[in-house]
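Below: one structure, written as structure tokens.
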Amino acid sequence: QAVGGKAIFPIFAPAENTYPRDLPAITPDSFKTHLRAEQRLADAAAGKVELAGDEAAKLKASMLSGAQIAALSTMKQHTDFNDLAHKSELGIEGVKRQIGAAISQVQRDEQQHQEQKHVEKKQQQIEQRPRRAARIG
Numbered sequence: 001q002a003v004g005g006k007a008i009f010p011i012f013a014p015a016e017n018t019y020p021r022d023l024p025a026i027t028p029d030s031f032k033t034h035l036r037a038e039q040r041l042a043d044a045a046a047g048k049v050e051l052a053g054d055e056a057a058k059l060k061a062s063m064l065s066g067a068q069i070a071a072l073s074t075m076k077q078h079t080d081f082n083d084l085a086h087k088s089e090l091g092i093e094g095v096k097r098q099i100g101a102a103i104s105q106v107q108r109d110e111q112q113h114q115e116q117k118h119v120e121k122k123q124q125q126i127e128q129r130p131r132r133a134a135r136i137g
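With UniProt numbering, letter number 129 in the sequence shown gets 129, and the count goes up by one each step, no holes.
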């Protein structure tokens, strides 16, 4: 954004990069809680820390389910255009189609932007022209 660039993200075939509707959503907070619980349980297993009586059960309850982790893992396999080309059923043709459409849109937007700048510049020049006035007297 700082340099005026455009980001283009791939769109995968249906069901290749979607999170199952029947699973609870993974929020940033729930994922962080999962990671902290996982680390605490690993530290306890390694003997680095001792857990209170019911702390292990609470930590396990705060972790993401196996299905949530599996869904997230599947989604991580489809993230960029390289994955679209090699792992998606859309393949290289999907990449060509999506990149071509995105580039065409960026070119149209840039052309409109240049035309708008040209119109604004002409209007500014008209406003800045010195006005001649005749003196009567």
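Built from N, CA and C at the ideal position, the CB exists for glycine as well.
Note on the segment 63-97: whole alpha helix (DSSP H) runs with a minimum of 4 residues are 66-76, 81-87, in chain order. Around the beta-carbon of F9, fewer than 16 other beta-carbon atoms lie within 10 Å, marking it exposed.
For E38, the enclosing alpha helix (DSSP H) starts and ends at 28-45.
DSSP, reduced to helix, strand and coil, places G5 outside both helices and strands of the structure shown, so it counts as coil. Per DSSP, reduced to three states, the secondary structure at R135 is coil, with no helix or strand assignment. For K122, the three-state secondary structure derived from DSSP is helix. The Cβ atoms of S73 and T33 lie no closer than 7 Å to each other.
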